[in-house]
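First the structure, in the form of structure tokens, and then the observations on it.
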Amino acid sequence: MSRKTTYKDAGVDIEKAESSFRNLKDRINATHTPAVLSGVGLFGGFYDLSETGCREPVLVSSVDGVGTKLKVAILANRHHTVGQDLVNHCINDIAVCGAKPLFFLDYFACGHLDPAVYEEVITGITVGCKNAGVALIGGETAEMPDFYQAGEYDMSGTIVGVVEKSRI
824 MSRKTTYKDA
834 GVDIEKAESS
844 FRNLKDRINA
854 THTPAVLSGV
864 GLFGGFYDLS
874 ETGCREPVLV
884 SSVDGVGTKL
894 KVAILANRHH
904 TVGQDLVNHC
914 INDIAVCGAK
924 PLFFLDYFAC
934 GHLDPAVYEE
944 VITGITVGCK
954 NAGVALIGGE
964 TAEMPDFYQA
974 GEYDMSGTIV
984 GVVEKSRI
């Protein structure tokens with residue numbers, strides 16, 4: 824009988840990611856508004872559009888990254904600012920469309936998860952979301968050994984906002 828291959832065999836430490844997630848859960852939940860209908864950790868986030876107050880709501884979405892600021896953050900070992908920058912980049916992208924931001928989702932990818940760096944980045948995202956009144960309702964953490972250089976990571980964010988149809 825052959826032995827099953829595990830995530831750990833592939834260099835992915837799920838326990839480390841789950842531990843970091845537990846450390847971040849309260850910060851993430853603190854961004855939620857009454858319109859958020861799902862808890863942290865599901866494969867999808869639920870948001871009640873009736874809470875927007877729009878008669879004819881139109882969703883506006885955008886995906887962005889922080890570009891070369893990420894390299895600067897890694898070199899300076901200051902990771903909380905890129906999380907806030909990411910949220911604000913996305914907010915700006917939909918603000919020019921007249922949209923009010925509703926919720927945010929993050930993507931964090933690395934070779935091997937460094938919990939301190941990861942938690943600093945996600946904390947920055949929660950600070951940016953909280954300051955803007957945006958709910959962090961989901962995300963993805965991808966640990967991909969041999970894909971990223973040691974100490975490097977990438978991230979992106981997706982934001983969804985709303986605008987009244989008559990204001991487009």
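For what it's worth, the numbering used here labels the leading residue of the sequence shown as 824, then goes sequentially.
Note that CB positions come from ideal geometry on N, CA and C, so glycine has one too.
Under the three-pair Cβ rule at 8 Å, the region 826-834 does not count as touching the region 910-926.
Taken atom to atom, the span from the alpha-carbon of K988 to that of E838 is near 45 Å. Counting along the chain, S884 sits inside the beta strand (DSSP E) bounded by residues P880 to D887. Assignment of C877 by DSSP, reduced to helix, strand and coil, places it in the coil class. Residue pairing by DSSP places E963 opposite Y930 in a beta bridge. Residues of the same chain with a CB within less than 8 Å of the CB of E975, apart from the 5 flanking positions on each side, are I897, C933 and G934 in chain order. Apart from sequence neighbours up to five positions away, the residues of its chain that approach V985 with a beta-carbon distance below 8 Å are L872, T875, C877, P880, V881, L882, V883, A922, K923 and L925, ordered along the chain.
DSSP, read as helix, strand or coil, puts V940 in helix. Proximity to T904 across G864, Y941, T981 and S861 peaks at Y941, based on C-alpha coordinates. CA-to-CA, the gap between T854 and P938 works out to about 21 Å.
Inter-residue distance for F931 and E966 is about 8 Å (C-alpha atoms, whole angstroms). Bounds of the alpha helix (DSSP H) holding T904 are H903 to A918. In the structure shown, the three-state DSSP call for K923 is strand. Residue state for G951 is assigned as helix, using DSSP reduced to three classes. The residue among T946, I945 and G951 with its C-alpha nearest the C-alpha of I914 is G951.
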